[in-house]
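Going by the UniProt record's numbering, the first residue of the sequence shown is number 1, and it counts up by one from there. A virtual CB, placed ideally from N, CA and C, is assigned to each residue, including glycine. One structure is given here, and the rest of the page talks about it.
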Amino acid sequence: MRIIIIGAEAAGASAAAKAKRLSPNSLVRVYEKSAVISFGACGLPYFIGDSFSDPDEMISRTPEQFVRSGVDIRTAHEVLKIDPDRKVVVVKNLLTDVVTEDHYDRLLIATGATPAVLPVPGMVLSHVFTLKTLADGQTIRKMLDEPDIRHIAIVGAGYIGLEMAEALVSQGKKVSVFERCDSVLPGAFDAEVSTVIAQALKTQCSLYLNAGITALNGNREGRVCSVSTTAGEYPVDAVIIATGVHPDDTLYRDLGMRVLANGAIVTDEYGRTSIDDIYAAGDCAAVRYRLTQAPVYRPLATNANKAGRVAGENLAGGRRPYPGTLGTAGLRVFNTEAARTGITEQEACKQGIPCRTVTVRDKNHSNYVPGQDDVMLRLVYDSVSRQLLGAQIAGGSGAALRINTLALAVWSGMRVDELAMVDFMYAPPFSRPWDIVNVAANVAG
C-alpha cells in the first residue's frame, strides 16, 4: 500500500510514524515544502524570550531519524495539486524545480495553518511580523538586538500574543497589547477569569481592549512607526501580528471537500474526509468536540498530535476512532498561570445548554509555606444533570496543572457532587486540606 502524507509538522509526523510501525511493508512517504519537520511551534515565544538558545530543541525528530525508521521523508517538496479521481498528487522539488506525479492508495492532508493577517494598510511595511515558523522566530529574535527597537506592539491578546508579551518584556522591551474584543483570550475564558489574566498582563505591559487595528503606519524608509486603532494612534518600533491562524486550504479548497466556514476540513471519527481514501488531521482540519460531537476548529498541538496518530493508524488499515477534544489549554502570564477545559458559560448559552456556574477564590497551598498565592476557579455545569461541562482557573504556582484533573472529570462525565468529595492529595507545599477543586464543587452542591 502507498500512503502519502502532505505536511510533516505535528499531525503529519505523528501519522507517518504510526502508519509505518503498524504497516512496515507499506510505503509511507511524506512531502514537506520546508526544510524543517516535526517542529514544535509552541516553543517559539520561549526561544524568543531566551529561555533556551538552540532552536533544534523544538524539533522532535529529524528527517534522518524518520528515514532510519523506514519513512520516506522528502523535504523541500511542495505538493501543487491533488487529483482524487486518479489518486495522484503533483509534486514540485523546490531545489530542482522538477515537477512529478505520485500515486497514492491513501492520502493524508496535514498542511497545517497559516497566520491570520490584518486586512488593513501597512501589512507590507518592514518590522511587521507574524509568528508561525522557525524562520519567523529567528527573525524576531534577531530583530530584538537592533538598538532602536524599544517599543513593540502585539496585535491580538490570544495565547500567542500573551506568551509573546512575556517574552519581549523579559528582553527589556516596552510592550503594548492591542485587542479588538473587550477581554483577553476572548472565547476561551469567561469574563471573571480573563480579568485576572488581564490584571497580570497589565503589571508589566500596556493593554488596550476594544482597540481594533485600522492601519499600520510607516516612515519614509518604509518601516512601521505607529499603529492606528479604534482607540487612537500609538507610536511603536515594531509590530507582531498574533490574531490567530486559519487552515491552509490552498491544496483542497477546490476539491469539493466538506469544510467548515473557515475552510477547516471536516472528517469523521476515523479522520476520513468526504472524499474516498483522503484523510485529514492537524491545524487544517476540524476536530470533534467531545461534549457535543460537533466539528469545531481548535488548532492546538495536543489535538494535532492525537488526531495525527489516529489518522496514521487508520491509514495503515486500522479502525480507531478519535475520541474528541475538550479544547484543554493553558499559559503563563508573568507570575500568573491560567488554563481552561470544556465549554465556557458563553459557549453553553450559545448552544442552548442549561448551565450554572460557580466561581471561588482560594489559595494554592497552606499559609505557613512560603509562596502562597491566590487562585480563582470557575466551574460550568449542567443545571439539570449536574454534569461538569467546563472549568477555568487562574492564579499562582500550581494553578494550571489542576486543569488536568478537571479535564478528566469533564471527559468522564463526572457530576459536581462526585467531584466535591474526590480524595485529592494534600501536602502543605502543594495544596490545602480542602483543595480548591473540592471547594468549588462543594459550593456548586
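Anticipated Cβ contact below 8 Å, residue i with residue j, distance rounded
i: Pro-60; j: Ser-38; result: Residue identity differs from the one stated: residue 60 is Ser in this sequence, not Pro. Yes, they are in contact, since the Cβ atoms of Ser-60 and Ser-38 sit about 4 Å apart, within 8 Å.
i: Ser-23; j: Gly-317; result: 6 Å
i: Ala-215; j: Pro-121; result: 5 Å
i: residue 448; j: Arg-150; result: Since the first residue shown for the chain is 1 and the last is 445, residue 448 is missing from the structure and cannot be characterised.
i: Thr-357; j: Val-380; result: 5 Å
i: Phe-430; j: Gly-398; result: 6 Å
i: Ser-194; j: Asp-50; result: With 8 Å as the limit, Ser-194 and Asp-50 do not qualify as a contact, their Cβ atoms being about 28 Å apart.
i: Val-375; j: Ile-393; result: 7 Å
i: Asp-102; j: Val-117; result: Not quite, the Cβ-Cβ distance comes to about 32 Å (not below 8 Å), so this is no contact.
i: Leu-251; j: Ile-275; result: About 12 Å separates the two Cβ atoms, so there is no contact after all.
i: Val-307; j: Ala-285; result: It is Ala, not Val, that sits at residue 307 in the sequence shown. Contact flag correct, Cβ pair sits at about 7 Å.
Strand pairing of residue i, partner residues [DSSP]
i: Asp-148; result: Paired residue(s): none; Asp-148 is not in a bridge.
i: Ser-126; result: Arg-223
i: Phe-52; result: The partner list for Phe-52 (beta bridge, DSSP) is empty, contrary to what the question assumes.
i: Ser-206; result: Ser-176
i: Met-58; result: Answer is none; Met-58 lacks a bridge partner.
i: residue 460; result: Outside the modelled stretch of the chain, which goes from 1 to 445, sits residue 460, for which no answer is possible.
i: Tyr-234; result: Val-227
i: Ala-329; result: Arg-340
i: Lys-81; result: Val-90
i: Asp-102; result: Val-89
i: His-246; result: Thr-114
i: Arg-361; result: Met-376
i: Arg-272; result: Tyr-279
i: Tyr-297; result: Looking at the DSSP assignment, Tyr-297 forms no beta bridge with any residue, so it has no partner.
i: Phe-189; result: Pro-186
i: Ile-109; result: Ile-6, Ala-280
i: Arg-288; result: Pro-295
Residue i, DSSP secondary structure in three states
i: Cys-349; result: helix
i: Asn-217; result: strand
i: Ser-228; result: strand
i: Asn-262; result: coil
i: Lys-306; result: helix
i: Lys-20; result: helix
i: Gly-12; result: helix
i: Cys-355; result: strand
i: Thr-267; result: coil
i: Thr-195; result: helix
i: Ala-399; result: coil
i: Thr-75; result: strand
i: Arg-319; result: coil
i: Leu-162; result: helix
i: Val-384; result: coil
i: Ile-37; result: coil
i: Val-239; result: strand
i: Arg-253; result: coil
i: Tyr-31; result: strand
Pairwise C-alpha distance: residue j and residue i
i: Met-123; j: Pro-45; result: 21 Å
i: Thr-441; j: Ala-420; result: Before going further, note that residue 441 is Ala rather than Thr in the sequence given. Each residue's Cα considered, the two are about 5 Å apart.
i: Arg-21; j: Leu-377; result: 42 Å
i: Ile-197; j: Ser-226; result: 26 Å
i: Gly-327; j: Arg-220; result: 45 Å
i: residue 495; j: Tyr-31; result: Residue 495 is absent from the structure shown; the chain starts at 1 and stops at 445.
i: Trp-434; j: Ala-444; result: 15 Å
i: Val-28; j: Phe-189; result: 41 Å
i: residue 451; j: Leu-209; result: Limits of the chain in this structure are 1 at one end and 445 at the other, which puts residue 451 out of reach.
i: Asn-217; j: Leu-201; result: 26 Å
i: residue 458; j: Asn-305; result: With the chain running from 1 to 445 in the structure shown, residue 458 is simply not present.
i: Trp-411; j: Val-287; result: 15 Å
i: Ile-152; j: Arg-320; result: 46 Å
i: Ala-242; j: Asn-25; result: 43 Å
i: Ala-339; j: Thr-229; result: 29 Å
i: Val-416; j: Val-67; result: 49 Å
i: Pro-186; j: Pro-299; result: 15 Å
i: Pro-55; j: Lys-33; result: 19 Å
i: Thr-203; j: Arg-432; result: 28 Å
i: Gly-156; j: Ile-240; result: 9 Å
i: Glu-418; j: Gln-351; result: 25 Å
i: Thr-368; j: Ile-48; result: Contrary to the premise, residue 368 reads as Tyr rather than Thr in this sequence. Going by the C-alpha atoms only, they are around 37 Å apart.
i: Leu-406; j: Val-91; result: 45 Å
i: Asp-373; j: His-246; result: 37 Å
i: Thr-96; j: Asp-83; result: 23 Å
i: Thr-62; j: Thr-302; result: 20 Å
Chain B within 7 Å of residue i, Cβ atoms only
i: Ile-109; result: Within the model displayed, chain B is absent; a lone protein chain is all it includes.
Examine the Cβ distances between the region 278-289 and the region 311-330 and report whether three or more of them are shorter than 8 Å.
Yes, the region 278-289 touches the region 311-330.
Below 8 Å, how does it come out for the region 151-161 and the region 175-188: are there three or more Cβ pairs, yes or no?
In short, these stretches touch, since the Cβ pair count reaches three.
Stretch pair the region 66-74 + the region 260-275: three plus CB contacts closer than 8 Å
The region 260-275 and the region 66-74 do not touch, with fewer than three beta-carbon pairs separated by less than 8 Å.
For the structure I just gave you, are there three or more beta carbon pairs, one from the region 126-139 and one from the region 268-276, closer than 8 Å?
Cβ pair count under 8 Å is below three, so no.
For the region 101-119 and the region 5-12, state whether three or more C-beta atom pairs, one from each stretch, are separated by less than 8 Å.
Contact holds: three or more Cβ-Cβ distances are below 8 Å.
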